[in-house]
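A.B. asks:
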Amino acid sequence: MAKRPAPPTPIARSDQPSFMEDERGFFAEQLSKPKAIKKAMEKDDASAHYYGHRERLRARYREQGDTALADYEILELLLFRLIPRRDTKPIAKALIDRFGNLAGVFGASVGLLQEVKGVGEAVALDLKLVATVGHRMLKSELRGKQVLSSWSSVIDYCHAAMAYESREQFRILFLDKRNALIADEVQGRGTVDHTPVYPREVVRRALELSATAIILVHNHPSGDPTPSRADIDMTKTIIDTAKPLGIAVHDHIIIGKDGHASLKGLRLI
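My numbering applies: residue 25 is where the sequence shown begins, and numbers increase by one.
1. Measure the Cβ-Cβ separation of Asp-285 and Thr-236 and say whether it is below 8 Å.
2. Have a look at Thr-215, Ala-266, Leu-292, Asp-111 and flag the residue whose alpha-carbon is nearest the alpha-carbon of Ser-252.
3. On a CA-only basis, which of Leu-199, Asn-203, His-276, Ala-254 is nearest Gly-289? Give me that one, please.
4. Going by alpha carbons, who is nearest to Trp-175 out of Lys-117, Leu-197, Lys-260?
5. What ranges does the alpha helix (DSSP H) occupy inside the region 110-171, keeping only unbroken runs of at least 4 residues that lie completely in it?
6. What does the Cβ neighbour count give for His-244, buried or exposed, with the cut at 16 atoms within 10 Å?
7. For Val-134 and Leu-149, which I take to be in contact (beta-carbon distance under 8 Å), what is that distance rounded to the nearest angstrom?
8. Take Ile-98 as the anchor and find which of Gly-76, Arg-109, Phe-130 has the nearest alpha-carbon.
9. When you compare only the Cα positions, how much space is there between Gln-88 and Leu-81?
10. Residues in the same chain with beta-carbon distance under 6 Å from Ala-185, minus the five sequence neighbours each way, listed in chain order, please.
11. Pull the bridge partners of Asp-275 from the DSSP assignment, please.
12. In chain order, what residues of the same chain have a beta carbon less than 6 Å from the beta carbon of Lys-163, not counting five sequence neighbours either side?
13. Please tell me whether Ala-204 and Lys-169 are closer than 8 Å, where the distance is taken between their beta carbons.
14. With C-beta atoms as the reference, is Ala-94 less than 8 Å away from Arg-84?
15. For Phe-194, write down the residues that DSSP places opposite it in a beta bridge.
16. Buried or exposed, going by whether 16 or more other CB atoms sit within 10 Å of the CB of Lys-281?
17. If you draw a straight line from the alpha carbon of Phe-123 to that of Pro-249, how long is it in whole angstroms?
18. Write down the C-beta distance between Ile-107 and Val-147 rounded to the nearest angstrom, noting that I regard them as a contact closer than 8 Å.
19. To the nearest angstrom, how far is the alpha carbon of Tyr-96 from that of Lys-113?
20. Please report how far the alpha carbon of Pro-301 lies from the alpha carbon of Ile-256, in whole angstroms.
21. Taking 8 Å as the cut-off, decide whether the C-beta atoms of Ala-187 and Ile-279 are in contact.
22. According to DSSP, which residues form a beta bridge with Leu-205?
23. Alpha helix (DSSP H) containing Ser-176: first to last residue?
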């Protein structure tokens with residue numbers, strides 16, 4: 025009887041990352057089970073000591089909520105999913121030490137995040153994705169509402185979106201006749217202490233969107249939201265340009281890490 029030919033040897037595909045190369049290819053869900061944890065720890069006690077810590081931290085969060093956890097522990101819980109095969113406590117603490125708090129971590133750029141030991145591009149992008157989800161949630165709170173009656177939501181959204189930017193960013197909230205949000209757009213990005221703003225372009229965009237009012241917003245990367253003389257003069261120029269066309273400038277908000285300033289609240293406009 026003729027021998028059956030042996031099946032062909034599978035050819036490794038070079039376009040698929042190896043198990044060791046993919047930092048998130050580990051079966052984190054399986055390791056969350058007590059038997060899997062015990063097995064992993066028996067296999068390599070030296071490197072798997074943190075599995076029990078992960079379960080205890082998850083249990084504390086599940087039973088007591090986020091108020092029972094420090095900022096770095098909240099970050100640890102997230103990093104469990106992003107970096108399943110490593111002790112993430114040192115990474116979480118290093119991120120908090122570098123950027124000050126959770127807001128600073130999620131507000132940091134991808135490049136700066138990768139400067140922290142243990143954070144690769146994939147993890148940095150995932151952290152920014154979480155930040156984007158938070159921004160979108162805050163922005164959704166403004167949709168369809170009268171912005172002037174939801175002022176705290178406006179401040180929260182602008183602070184989350186801009187406070188930790190490393191360069192100045194000039195943003196405009198365009199409102200309809202009911203003062204509901206039509207659009208939120210970044211009109212310009214500049215240097216660490218200056219963003220070029222063109223009043224005619226601001227008004228032109230408001231007319232394109234049929235906006236009847238706008239709120240100007242920009243950030244101070246230094247952290248101090250105190251308005252400069254240039255900030256005040258630029259705001260007054262935009263007001264003078266917009267007013268004849270029936271467009272009101274409700275306020276100019278300056279966002280910093282240490283808080284915010286309202287030119288209208290300070291009686292500067």
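C-beta atoms are modelled at their ideal positions from N, C-alpha and C, and glycine is treated no differently.
Just so we're clear, the structure is a prediction, and the values are computed from it rather than from any experiment.
C.D. replies: On the basis of the coordinates in this document:
1. In the sequence on display, residue 285 carries Ala and not Asp. No.
2. Leu-292
3. His-276
4. With distances taken between Cα atoms, Trp-175 lies closest to Leu-197.
5. DSSP runs (the alpha helix (DSSP H)) wholly in the region 110-171: 113-123, 126-131, 134-137, 145-164.
6. Residue environment analysis places His-244 among the buried positions, since at least 16 neighbouring C-beta atoms fall within 10 angstroms of its C-beta.
7. 6 Å
8. Phe-130
9. 10 Å
10. His-159
11. Under the DSSP definition of a beta bridge, Asp-275 partners with Ile-239.
12. Excluding sequence neighbours, Lys-163 sits near Tyr-181.
13. yes
14. It is not a contact, given that the beta carbons lie outside the stated cut-off.
15. Gly-212, His-242
16. Counting Cβ neighbours within 10 Å, Lys-281 comes out buried, since at least 16 surround it.
17. 19 Å
18. Right, the Cβ-Cβ distance comes to about 6 Å (below 8 Å), so this counts as a contact.
19. In a straight line, the C-alpha of Tyr-96 is about 8 Å away from that of Lys-113.
20. Absent from the structure is residue 301, since the part of the chain shown begins at 25 and ends at 293.
21. yes
22. Leu-199
23. 175-186
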